[in-house]
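The structure appears right after this line, and notes come after that.
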Amino acid sequence: MDSLFALLAYSTADFWIPAAIGTCAGIFLFVHGFRMLARKRLILNTPISRIRSASIGLVEVNGVAIGPYTINAPITGLPCFYYRTLVWQLKQSGKGNKWQQIIDESLHVPFYLDDNTGRLLVNPQGADLEIHRDFHDEFNGPVFFNSDLVPESVRSFLMAHGVSSDQRIRIDEYCIKPKNTLFILGTLAENPGLTVSPKPVGTLPSPVASFNFNLPSGTKTKVELALNSARITMLPAGEEVFETSLQNGRGLKTELVRLSSDRPTSSLNMTQQEKIAAALMKAGITNPAAWEAAGLNGPASAVATATAAVSGTSPAGNGSPDAETEQFDLQPKTVLMKGDHNPAFFISWRSRRDVVQELNWKSALCIWGAPGLILACLYVLVKYFGWR
Amino acid sequence: MQGTNMDNIVLLGFVLACIGLLSYVAMMYNGLVALKNDIDKAWANIDVILKQRHDEVSKLLDVCKGYMNYERDTLQKVVQARSMYQQAVTVDQKAQADQSTTTAVRGLFAVAEKYPALKANDNFMQLETRITALENQIADRREFYNDSVNTFNIRIQQFPDTFVASFMQVRPRAMFKVEETDKADLHMTYSAAR
Chain A
-10 MDSLFALLAY STADFWIPAA IGTCAGIFLF VHGFRMLARK RLILNTPISR
40 IRSASIGLVE VNGVAIGPYT INAPITGLPC FYYRTLVWQL KQSGKGNKWQ
90 QIIDESLHVP FYLDDNTGRL LVNPQGADLE IHRDFHDEFN GPVFFNSDLV
140 PESVRSFLMA HGVSSDQRIR IDEYCIKPKN TLFILGTLAE NPGLTVSPKP
190 VGTLPSPVAS FNFNLPSGTK TKVELALNSA RITMLPAGEE VFETSLQNGR
240 GLKTELVRLS SDRPTSSLNM TQQEKIAAAL MKAGITNPAA WEAAGLNGPA
290 SAVATATAAV SGTSPAGNGS PDAETEQFDL QPKTVLMKGD HNPAFFISWR
340 SRRDVVQELN WKSALCIWGA PGLILACLYV LVKYFGWR
Chain B
-12 MQGTNMDNIV LLGFVLACIG LLSYVAMMYN GLVALKNDID KAWANIDVIL
38 KQRHDEVSKL LDVCKGYMNY ERDTLQKVVQ ARSMYQQAVT VDQKAQADQS
88 TTTAVRGLFA VAEKYPALKA NDNFMQLETR ITALENQIAD RREFYNDSVN
138 TFNIRIQQFP DTFVASFMQV RPRAMFKVEE TDKADLHMTY SAAR
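Chain order of the listed sequences is A and B. If you read the first sequence in my numbering, its first letter stands for residue -10, the second for the next number, and so on. If you read the second sequence in my numbering, its first letter stands for residue -12, the second for the next number, and so on.
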């Protein structure tokens, strides 16, 4: 112990800044350790639900990801429901080089989780995502210096973001693909108006903090802050959402998202067939003979079939509509999403047991290791500043 | 001076340990409170489905009476089970009523096989599908309830949560159990059709 402190004392002059950073990091790790422990206990305390009988509130479900619409991941080109592409560039920093993140792009389309008992619409916005990495590579490194080896998909992606492809870069890509097994802990709530559409939506990371308040005009406003992004959601009339997002410091991206579907909301605007279909659905009549007698194609026509109407998207599978594409309810009554009262929302490609095991050792490491780090760093600081 | 620094470091370490311990105890307490309330919520969610089934069974009886005039015993069992549910107040009473209703309805569906006209009736088919779906949901939610109770019982008996549990004076909760008589196979009797 004396030799350890002697070593620390000897290196004080050079290490007071790292010691200060270490102290802050230690405090952060200590708090983070308890957060992970709380999450582990929450996962263990919540039994797994079957989708057909899941109740409103916090639920844990297992299943495979399916859906009518997919988007193509930019690097691998795989059809997926969610992707996140990260690019780092090696830049000079002081005496040496440092990897700096220059691009962080993630998009998603809402997808469904199927556990053979039912299907549940999942909105991954704001979730802590632990997804399998589908692509990891480094380009223009010291060995492979020929920029011709950079694939075309990487080149186009970098060009779209204004990054030169002849720099030394590292790329990671994470995807949720069709038929991927997922474990999700989230809040099952009434659908706030989310409609499944082929249009991809930017995925903001899980917010560090969020605030709700009402403006004098009655507009409900929600501000969510993440590490490098912010999202403001306003609900003036209950049916339209005005979203403004600032991501990666690249400026404001404003988008008006209509929560209500494109289908007519008032019976005055419906065609005769739509009125009959709505009445049959409301009565719970799904007998094909009854629909045929009414001159309709059947209850399947009441839910929209997947069509690829937007460029860059495709029905599940390939670009052209598939005759065997399953019917999906594009406006289900409930959605698995981030709750207002319970912010826990976690999506993982690993099993519940693996998630708990990892949280177990990580939280133990942080809770037991962080105090040691704090104490060691504080000792260095005390020696440097000569505090008594 | 080094001695003073050492004392301060040790004191700080002690303070950190106390903060950690208090946080952990608070976490355990909150966890047990949440588990206790989750059990009540799980039971309430079963109650919601039981009420729905109760309403659907009323409609089923109305449909069946017109076709199964001679199956008075079978229909009577369903009526009795419904009355038992209406009078049930406690969790145990409702569990018993639920089991009786499940058994009685199962018997009714079995006997209905003998009446093709009833089987072809649209209302009967819809009700049969709906009640079967509700039965599956009830079974799932019973399992969920038992999982919640099991998690709670294990947690309050494990170290170190058992200390917090004894401070809170919480006791193990009973699971939803099927009575021995309800596990027996159905004894079906058929009356002659008209």
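Every residue gets a Cβ at the ideal spot worked out from N, C-alpha and C, and that includes glycine.
> Considering only residues of the same chain and omitting the five flanking positions on each side of Leu177(A), which have a CB-CB separation below 6 Å?
Replying inline: Ala43, Ile45, Val48, Thr323, Leu325
> Could you give the residue range of the alpha helix (DSSP H) that holds Gly328(A)?
Replying inline: Element bounds for Gly328(A): n/a, residue is neither H nor E.
> For Val48(A), does the three-state DSSP call read helix, strand or coil?
Replying inline: strand
> So is His174(B) in contact with chain A if we call contact Cβ pairs under 8 Å?
Replying inline: At His174(B) the pLDDT is 48, less than 50, meaning the model places this residue with poor confidence; the figure from the coordinates comes in the next sentence. So, not an interface residue.
>> Taking the straight line between their C-alpha atoms, what separation do you get for Val152(A) and Gly66(A)?
In response: 20 Å
>> Given the structure, does Ala8(A) come close to the ligand HEM, in the sense that its CB is under 7 Å from one of the ligand's heavy atoms?
In response: As for the ligand HEM, it is missing from this structure, which has no ligand bound.
> Pick from Leu(-1)(B), Val12(B), Asn(-8)(B): whose alpha carbon is nearest that of Asp148(B)?
Replying inline: Val12(B)
>> If we define contact as Cβ-Cβ less than 8 Å, is Ile32(A) a contact residue for chain B?
In response: no
> Between the segment 129 to 140 of chain B and chain A, which residues of the former have a C-beta closer than 7 Å to a C-beta of the latter?
Replying inline: Phe131, Asp134, Ser135, Thr138
> the segment 113 to 129 of chain B: which residues have C-beta closer than 7 Å to a C-beta of chain A, in chain order?
Replying inline: Asn123, Gln124, Asp127, Arg128
>> Cutting at 7 Å between CB atoms, please list the residues of its own chain near Ala359(A), excluding the five before and the five after it.
In response: When the five nearest sequence neighbours on each side are left out, the beta carbons in the same chain lying within less than 7 Å of the beta carbon of Ala359(A) are those of Gly15, Leu18, Phe19, Gly22, in order along the chain.
> Does any residue of chain B bring its CB to less than 8 Å from the CB of Val345(A)?
Replying inline: no
> Do you know how far the Cα of Thr(-9)(B) is from the Cα of Val(-3)(B)?
Replying inline: 10 Å
> Between which two residues does the beta strand (DSSP E) containing Val111(A) stretch?
Replying inline: Note, Val111(A): beta strand (DSSP E), 108 to 111.
>> DSSP has Pro68(A) in a bridge; who is on the other side?
In response: Asn61(A)
> According to DSSP, which residues form a beta bridge with Ala191(A)?
Replying inline: Rather than Ala, the amino acid found at residue 191(A) in this sequence is Gly. Per DSSP, Leu96(A).
> Where does Phe124(A) sit, in a helix, a strand or coil, going by DSSP?
Replying inline: strand
> What first and last residue would you give for the alpha helix (DSSP H) that runs through Thr77(B)?
Replying inline: Here Thr77(B) belongs to no alpha helix (DSSP H), and DSSP marks it neither H nor E.
> In or out: Ser95(A) buried (at least 16 other Cβ within 10 Å) or exposed?
Replying inline: buried
> For Glu119(A) versus Arg339(A), is the C-beta spacing smaller than 8 Å?
Replying inline: yes
>> Considering Cα atoms alone, identify which of Arg39(A), Gly85(A), Arg122(A), Gly83(A) is closest to Arg73(A).
In response: Arg122(A)
> Mapping DSSP to helix, strand and coil, what is Gly361(A)?
Replying inline: helix
> Can you give the Cα-Cα distance for Lys166(A) and Val92(B), rounded to whole angstroms?
Replying inline: If I take the Cα positions, the gap works out to 43 Å.
>> I'd like to know if the segment 5 to 21 of chain B and the segment 91 to 107 of chain B are in contact, where contact means that at least 3 CB-CB pairs between them fall below 8 Å.
In response: no
>> So, with DSSP's three-state summary, where would you put Glu58(B)?
In response: coil
> For Asp85(B), does the three-state DSSP call read helix, strand or coil?
Replying inline: Correct three-state label for Asp85(B): helix.
> Listing by chain order, which chain A residues have their CB less than 7 Å from the CB of Ala21(B)?
Replying inline: Asn34
> Which of helix, strand or coil does DSSP assign to Leu183(A)?
Replying inline: coil
>> For a test of the three-state rule: what should DSSP assign to Gly83(A), helix, strand or coil?
In response: DSSP, reduced to helix, strand and coil, places Gly83(A) outside both helices and strands of the structure shown, so it counts as coil.
> What is the DSSP secondary structure of Ser10(B), counted as helix, strand or coil?
Replying inline: Correct three-state label for Ser10(B): helix.
> If contact means a Cβ-Cβ distance below 9 Å, which residues of the segment 0 to 13 of chain B contact chain A?
Replying inline: Gly0, Leu3, Ala4, Ile6, Gly7, Ser10, Tyr11
> Is the shortest distance between the beta-carbon of Asn110(B) and the beta-carbons of chain A less than 8 Å?
Replying inline: no
>> Just to make sure I have the definition right: I need the residues of chain B whose C-beta is within less than 8 Å of the C-beta of Ala27(A). Which are they?
In response: Met14
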